[in-house]
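For the sequence shown, this note's numbering assigns the number 411 to the initial residue and increments by one for each residue that follows. See structure below.
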Amino acid sequence: MSAESLLLNNSPEIRFLIALIKNLVNDQDKVAQTEIITFLSQTERIKGDLHDNLEKFGIRIRNKENTDTLPDFHKTLSSYSYDLNAFFLLNLSAYDLCEELIRKFNLNESVDPYIQFFLDAVLKLAIDHNPDLHELLEWWEEKKNKLSIIVPLGINAVQVMTIHKSKGLEFTVVIFPFATEEVRMKEKFWIDCDDAEISELKTALVNNSKSLIETRYSALRTEEESKSLLDLTNLLYVVFTRPTDRLYIFTSLNKRQRNPGAESVQKLIKNYLEIKNLWADNTFVFKLGEADVKQKQDSATDENYHLKSFISNSWRKRILLSLQAPDYWDIEEPSQKQQWGSLVHYLLSMIKTAEDIEPAIEKLTAEGILDEEEEPAIKKLISDFINHPDVKIYFNEGLNIKTEPEILLSDGHSLRPDRLIFEDDKIIVIDYKTGQPEESHHKQIKNYQKILENMGYSHTEGVLLYLTQTSPVVKVIN
411 MSAESLLLNN
421 SPEIRFLIAL
431 IKNLVNDQDK
441 VAQTEIITFL
451 SQTERIKGDL
461 HDNLEKFGIR
471 IRNKENTDTL
481 PDFHKTLSSY
491 SYDLNAFFLL
501 NLSAYDLCEE
511 LIRKFNLNES
521 VDPYIQFFLD
531 AVLKLAIDHN
541 PDLHELLEWW
551 EEKKNKLSII
561 VPLGINAVQV
571 MTIHKSKGLE
581 FTVVIFPFAT
591 EEVRMKEKFW
601 IDCDDAEISE
611 LKTALVNNSK
621 SLIETRYSAL
631 RTEEESKSLL
641 DLTNLLYVVF
651 TRPTDRLYIF
661 TSLNKRQRNP
671 GAESVQKLIK
681 NYLEIKNLWA
691 DNTFVFKLGE
701 ADVKQKQDSA
711 TDENYHLKSF
721 ISNSWRKRIL
731 LSLQAPDYWD
741 IEEPSQKQQW
751 GSLVHYLLSM
761 IKTAEDIEPA
771 IEKLTAEGIL
781 DEEEEPAIKK
791 LISDFINHPD
801 VKIYFNEGLN
811 IKTEPEILLS
821 DGHSLRPDRL
831 IFEDDKIIVI
841 DYKTGQPEES
851 HHKQIKNYQK
861 ILENMGYSHT
871 EGVLLYLTQT
881 SPVVKVIN
């Protein structure tokens with residue numbers, strides 16, 4: 411035998427990863443949440459009793475008597491430093507998501523062939539089909555009992571397989587547990603009827619019972635019994651001829667058979683021992699042959715390189731890639747810093763109220779436009795600006811707002827004011843500025859107002875909002 415395969419679905423780590431993805435797709439999936447907490451408890455990433463931990467995470471059946479509010483699963487998980495930022499994670503590709511989850515839960519602390527093979531399979535899927543998460547989960551359900559890792563000969567591990575799968579293979583030592591198989595015959599037979607009294611009945615389905623021996627169809631039962639015994643004998647032949655050195659068999663004479671009169675493995679073994687005059691009552695261990703101690707042969711020097719750790723790093727911390735780079739970077743002079751003003755304008759275009767600040771920043775980070783290290787600084791800048799007493803009135807809930815609306819002019823050109831607020835018969839036109847106040851800023855706002863008035867909006871108000879000024883609000887007199 412040169413190699414053996416082991417199903418990826420046998421790995422608790424892989425099932426844990428799939429449960430995390432299922433929970434991201436459906437944050438109310440209690441089955442996935444149970445699998446997550448079970449794994450974290452069993453691996454002691456979360457200390458304590460499993461059932462107590464499930465209670466802490468709000469995973470229990472609510473009854474009519476108990477009306478307590480259940481703990482929030484994701485907030486509780488965050489308290490253990492396992493923050494599943496759904497907005498960020500759901501914007502990742504299938505492969506990047508898997509690697510990100512592996513790092514978040516420290517599954518890369520050691521070399522795990524299951525995880526490496528799983529990532530290889532997901533990468534191949536991503537290259538071929540670029541799946542979303544629903545498609546990834548559908549693919550896994552279809553492939554989980556087929557995908558396997560290849561274990562080379564000589565690895566220090568026990569290989570578990572069915573008897574049928576071991577055909578043609580050879581092992582130094584074989585263990586045959588649960589050796590209580592018995593002859594199993596078909597429960598029913600189709601027979602050809604030739605009874606003159608019921609000539610209309612050409613065929614019939616009859617029970618395969620002992621009473622069949624007393625009929626003219628006894629030969630059918632005898633033939634079936636012989637075939638079943640031959641199948642059992644062939645099965646034992648496969649088991650008994652796999653080992654080269656030792657065979658261990660575990661059986662039980664006390665196990666109740668489905669058909670007490672049928673031949674079984676334990677009966678055949680007992681008969682063999684009796685023929686060899688080795689059987690003895692109240693003896694539980696029988697040994698045939700001598701257990702020679704084999705000298706381990708010196709193997710050739712292993713020239714393969716063995717990984718000591720599973721290397722996984724986020725490329726986003728090393729490379730920033732954005733399809734919108736020309737809008738935010740000076741591509742003529744790439745050594746210059748990111749164009750701060752363009753970035754701030756783009757960020758503010760996604761914010762209608764203060765509640766939108768954090769999701770907007772997370773979106774920019776997920777798109778590769780904003781570096782994770784820049785998040786705190788820009789978040790503080792935008793939060794301080796929007797929550798300024800004079801500014802926040804333009805970001806209140808319930809306002810009728812359009813951000814960066816495109817206004818098409820009669821000459822074919824277009825203009826984009828940063829923000830329009832519609833209040834009854836009035837429009838407030840707003841422009842953001844990141845530099846020092848200039849007279850041209852007032853001219854720009856007045857031009858917007860003039861265009862809006864020509865469009866039929868008789869009452870307009872112009873406002874300049876300066877992000878870095880002590881007094882950020884400047885109203886423009888038309």
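Glycine included, every Cβ here is placed at the ideal spot set by N, Cα and C.
Continuous beta strand (DSSP E) stretch holding Lys614: start and end: Here residue 614 corresponds to residue number 204 of the sequence shown, with the count starting at 1. Note that residue 614 is Ala in the sequence shown here, rather than Lys. Start and end: 613-617.
Mind checking Gln746: buried by the 16 CB within 10 Å criterion, or exposed? On the sequence shown, position 336 is the one that residue 746 refers to. With a pLDDT of 42 at Gln746, under the threshold of 50, the modelled position of that residue is not reliable, and the figure given next carries that caveat. Exposed, because fewer than 16 other Cβ atoms sit within 10 Å of the Cβ of Gln746.
Identify the continuous beta strand (DSSP E) that holds Val839 and give its terminal residues. Start at 1 with the first residue of the sequence shown, and residue 839 comes out as number 429. That run of the beta strand (DSSP E) goes 836-843.
Going by alpha carbons, who is nearest to Ala442 out of Ser451, Lys457, Phe426, Ser488? Locating residue 442 in the sequence shown gives position 32, where the first residue counts as 1. Of the listed residues, the one whose Cα sits closest to Ala442 is Phe426.
Report the three-state DSSP secondary structure of Arg656 (helix, strand or coil). The count along the sequence shown starts at 1 and reaches residue 656 at position 246. Correct three-state label for Arg656: strand.
Going by the CB atoms, is the gap between His484 and Leu499 shorter than 8 Å? The residue you call residue 499 lines up with position 89 of the sequence shown. The residue you call residue 484 lines up with position 74 of the sequence shown. In this structure, His484 does not lie closer than 8 Å to Leu499 by Cβ.
If I'm right that Leu418 touches Ile424 with Cβ under 8 Å, what's the distance once you round it to whole angstroms? By 1-based counting over the sequence shown, the position of residue 418 is 8. By 1-based counting over the sequence shown, the position of residue 424 is 14. Sure, about 5 Å apart at Cβ, within 8 Å.
Uninterrupted alpha helix (DSSP H) stretches inside the segment 754-832 (no shorter than 4 residues): 767-776, 785-796
Alpha carbon to alpha carbon, how far is Ala770 from Ser558? Give it in angstroms, no decimals. As a position in the sequence shown, residue 558 is number 148, starting the count at 1. As a position in the sequence shown, residue 770 is number 360, starting the count at 1. Roughly 41 Å separates the two Cα atoms.
Can you round the beta-carbon distance between Ile520 and Phe720 to whole angstroms, since I take them to be within the 8 Å contact cut? Here residue 520 is taken as the residue at index 110 of the sequence shown, counted from 1. Here residue 720 is taken as the residue at index 310 of the sequence shown, counted from 1. This sequence places Ser at residue 520; Ile is not what is there. Yes, they are in contact, since the Cβ atoms of Ser520 and Phe720 sit about 7 Å apart, within 8 Å.
For the beta strand (DSSP E) containing Val873, list its first residue and its last residue. The residue given as residue 873 occupies position 463 in the sequence shown. Residues 869-876.
When DSSP labels each residue in this structure, what does Asp542 get in the three-state scheme? Along the sequence shown, read from residue 1 onward, the residue named residue 542 stands at position 132. Asp542: coil per DSSP, three-state reduction.
Counted within 10 angstroms of its Cβ, other Cβ atoms place Thr643 as buried (16 or more) or exposed: The residue labelled residue 643 in the question sits at position 233 within the sequence shown. So Thr643 ends up on the exposed side.
Please report how far the alpha carbon of Thr920 lies from the alpha carbon of Leu487, in whole angstroms. Absent from the structure is residue 920, since the part of the chain shown begins at 411 and ends at 888.
Look at the alpha carbon of Leu862 and the alpha carbon of Val883, and state the distance between them as a whole number of angstroms. Position 452 of the sequence shown holds residue 862. Position 473 of the sequence shown holds residue 883. Rounded to whole angstroms, Leu862 to Val883 spans 21 Å at the Cα level.
Which residue comes first and which comes last in the beta strand (DSSP E) that contains Asp462? Here residue 462 refers to the residue found at position 52 when the sequence shown is read from its first residue. Element bounds for Asp462: not the beta strand (DSSP E) but the alpha helix (DSSP H), 460-466.
Starting from Ile601, trace the alpha helix (DSSP H) in both directions and tell me its first and last residue. Within the sequence shown, residue 601 is the residue found at index 191, counting from 1. First-last for Ile601: 598-602, but that is the beta strand (DSSP E), not the alpha helix (DSSP H).
Every unbroken alpha helix (DSSP H) within the segment 500-549, with a cutoff of 4 residues, ordered by chain: 504-514, 523-539
Segment limits, beta strand (DSSP E) that includes Lys577: To locate residue 577, count along the sequence shown from 1; it is residue 167. Neither: Lys577 is in no beta strand (DSSP E) and is coded neither H nor E.
Within the same chain, show all residues whose beta-carbon is closer than 6 Å to that of Leu758, passing over the 5 residues directly before and after it, in chain order. The sequence position of residue 758 within the sequence shown is 348, counting from 1. Cβ within range, chain order: Tyr842.
Confirm, please, whether the CB-CB distance from Thr844 to Arg829 is below 8 Å. On the sequence shown, residue 829 is found 419 positions in, with the first residue counted as 1. On the sequence shown, residue 844 is found 434 positions in, with the first residue counted as 1. No, they are not a contact pair.
Within the chosen definition, does the segment 592-603 reach the segment 630-649 through at least 3 CB pairs nearer than 8 Å? yes
State the Cα-Cα distance for the pair Val873 and Val886, rounded to the nearest angstrom. The residue you call residue 873 lines up with position 463 of the sequence shown. The residue you call residue 886 lines up with position 476 of the sequence shown. If you take the alpha carbons of Val873 and Val886, they lie about 6 Å apart.
Cβ pair Asn810, Ala764 closer than 8 Å: Counting from one through the sequence shown, the residue named residue 810 turns up at place 400. Counting from one through the sequence shown, the residue named residue 764 turns up at place 354. Their beta carbons are not under 8 Å apart, which means Asn810 does not touch Ala764 by this criterion.
Hey, Lys697 and Trp689: beta-carbon distance below 8 Å or not? On the sequence shown, residue 697 is found 287 positions in, with the first residue counted as 1. On the sequence shown, residue 689 is found 279 positions in, with the first residue counted as 1. Contact flag unset, no.
With DSSP as the reference, identify every bridge partner of Val593, one or two as the case may be. Working through the sequence shown from its first residue, we reach residue 593 at position 183. Paired residue(s): none; Val593 is not in a bridge.
DSSP puts Leu416 in a beta bridge; with which residues? Residue 416 sits at position 6 when you count from the first residue of the sequence shown. Leu416 pairs with Ile559.
By alpha-carbon positions, which one of Arg668, Leu646, Lys665 ends up nearest to Ile659? For the purposes of this step, residue 659 is identified with residue 249 of the sequence shown, where counting begins at 1. If we check each option's Cα against that of Ile659, Leu646 comes out closest.
Could you give the DSSP three-state label for Val886: helix, strand or coil? For the purposes of this step, residue 886 is taken as residue 476 along the sequence shown, with counting starting at 1. Strand, per DSSP.
Have a look at Lys575, Leu535, Ala614 and flag the residue whose alpha-carbon is nearest the alpha-carbon of Val649. As a first step, residue 649 must be located in the sequence shown, where it is residue number 239. Among Lys575, Leu535, Ala614, the Cα nearest to that of Val649 belongs to Lys575.
Considering only their Cβ atoms, is the gap separating Tyr804 from Ile840 smaller than 8 Å? For the purposes of this step, residue 840 is taken as the residue at position 430 of the sequence shown. For the purposes of this step, residue 804 is taken as the residue at position 394 of the sequence shown. Contact: yes.
In DSSP terms, what Ile456 is bridged to: Reading the sequence shown from its first residue, position 46 is the one you call residue 456. Partner(s): none; Ile456 has no beta bridge.
Three-state class that DSSP yields for Phe650 in the structure shown: Working through the sequence shown from its first residue, we reach residue 650 at position 240. Helix, per DSSP.
Starting from Thr486, trace the alpha helix (DSSP H) both ways and give me its first and last residue. Taking the first residue of the sequence shown as 1, we reach residue 486 at position 76. Per DSSP, Thr486 belongs to the alpha helix (DSSP H) from 483-489.
With a cut-off of 8 Å, do at least 3 Cβ pairs link the segment 538-557 to the segment 582-591? no
Does the distance between the C-beta of Lys596 and the nearest non-hydrogen atom of the ligand ADP fall short of 7 Å? Of ligands this structure carries none, so the ligand ADP is not represented either.
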